[in-house]
Amino acid sequence: MSARAAWRLESLGFGQVYRYAAGKADWFAAGLPSEGNAAGVPRAAGAARRQVPTCRLADRVSAVAARVRGADWKMCIVTNDEGIVLGRLRARVLMANADASAEEVMEAGPTTIRPHERLESVVPRLRSRHVDSILVTDSDGRLIGVLYFEEAERILGEQGLGRGEEEAACACND
Amino acid sequence: MPTTVAREEVQRLVRDASAQLVEVLPRPEYEDEHIAGAKNMPLKQLDRESARALDPGEPVIVYCHDLQ
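This is the structure in structure tokens:
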């Protein structure tokens, strides 16, 4: 849509026309200033835990598990050299497959969300699917962090958008 | 030809070149939330008349939600 608008402006005689292709989703994900009725709502990017332990496909699970314990995490994300998410190793897998490679036992293609997504829409989805955490990646699949359901729900509560209000909001959108 | 720019360049153009930010989504989406300082000029209403709200002598940066 912005491409057509840019060309249209050129056709109207504007000589310096730029297109911000990543758009406001990218802007909001970076936490930059916004205006409007929903400005400042909590988003996945702001609530996600960063510094997530990562490993490569060929890494031995025993070594990965030791690192994850040391970092006080219960999962490890399998990425490539560019930080693109390839899989996830949960605690139960880390404890039971010491001799395997990450690639052999990882959960491939874990579900992800985008950093600009609003917690008020993410939390009900996580709750209805009984998901305790979800990966946050950019549109290229690059890892940004992990969003925990409990933490996201707590932030919503602090913002005055607790469970009751949030469900009411969802009902209004049905 | 319009030039595609990333976030850092958008910030630079607004800061250093007085670029005008224009959201081309429909009004309700703009009112919900938009980039601070942006004007709203929905694509369907973009014509010679509405474009008069912009200064043709300054850069214009258009955007929508994401890679649409």
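Line by line, the protein sequences are chains W and G.
Just so you know, we're using this note's numbering here: the first sequence kicks off at 3 and counts up by one.
Just so you know, we're using this note's numbering here: the second sequence kicks off at 143 and counts up by one.
C-beta: ideal position from N, C-alpha, C; glycine also.
Top-ranked residue by Cα proximity to residue i, from the options
| i | options | result |
| --- | --- | --- |
| W/V95 | W/A46, W/L14, W/E109 | W/E109 |
| W/E12 | G/D208, G/A195, G/E150, G/P144 | G/P144 |
| W/E106 | W/I136, W/E84, W/R144, W/C57 | W/C57 |
| G/M183 | G/Y205, G/P198, G/D174, G/G199 | G/Y205 |
| W/V66 | W/A41, W/A40, W/D101 | W/D101 |
| W/N99 | W/S123, W/V63, W/G159 | W/V63 |
| W/N82 | W/R144, W/S4, W/G17, W/G162 | W/R144 |
Interface partners of residue i on chain W, CB under 8 Å
| i | result |
| --- | --- |
| G/E165 | K26 |
| G/A195 | The contacting residues do not exist; G/A195 stays about 12 Å from chain W at best. |
| G/R149 | Y22, A24, D28, W29, A32, L34 |
| G/R190 | L14 |
| G/D158 | The contacting residues do not exist; G/D158 stays about 13 Å from chain W at best. |
Spatial neighbours of residue i in its chain, beta-carbon cut-off 6 Å, leaving aside the 5 residues before and after
| i | result |
| --- | --- |
| W/P117 | A31, A46, A47, V138, I146 |
Endpoints, the alpha helix (DSSP H) within which residue i is located
| i | result |
| --- | --- |
| W/M77 | Careful: W/M77 lies outside any alpha helix (DSSP H), inside the beta strand (DSSP E) at 77-81. |
| G/V164 | Per DSSP, G/V164 belongs to no alpha helix (DSSP H); it is in the beta strand (DSSP E), 162-165. |
| W/G25 | 25-31 |
Within chain G, the residues that residue i reaches when beta carbons sit closer than 8 Å
| i | result |
| --- | --- |
| W/A40 | D174, E175 |
| W/W9 | P144 |
Own chain partners of residue i with C-beta closer than 8 Å, once the 5 adjacent residues on each side are dropped
| i | result |
| --- | --- |
| W/H132 | none |
Beta-carbon proximity list for residue i, same chain, < 7 Å, skipping 5 on both sides
| i | result |
| --- | --- |
| G/H207 | L167 |
| W/S123 | none |
Extent of the continuous beta strand (DSSP E) run through residue i
| i | result |
| --- | --- |
| W/I136 | 135-139 |
| W/R62 | Here W/R62 belongs to no beta strand (DSSP E), and DSSP marks it neither H nor E. |
Review point. Do the stretch 48-67 of chain W and the stretch 146-158 of chain W meet, that is, are 3 or more Cβ pairs less than 8 Å apart?
Key: yes
Review point. Taking one C-beta from the stretch 183-193 of chain G and one from the stretch 5-21 of chain W each time, how about it: are there three or more such pairs within less than 8 Å?
Key: As far as the Cβ criterion goes, the stretch 183-193 of chain G touches the stretch 5-21 of chain W, which means the pair count is three or higher.
Check your understanding: Quick check: the stretch 157-177 of chain G against the stretch 14-32 of chain W, are there 3 or more CB pairs under 8 Å?
Key -> yes
Review point. Does the stretch 149-162 of chain G come within contact of the stretch 11-26 of chain W, defined as at least 3 CB pairs closer than 8 Å?
Key: Contact annotation: the stretch 149-162 of chain G touches the stretch 11-26 of chain W, with at least three C-beta pairs closer than 8 Å.
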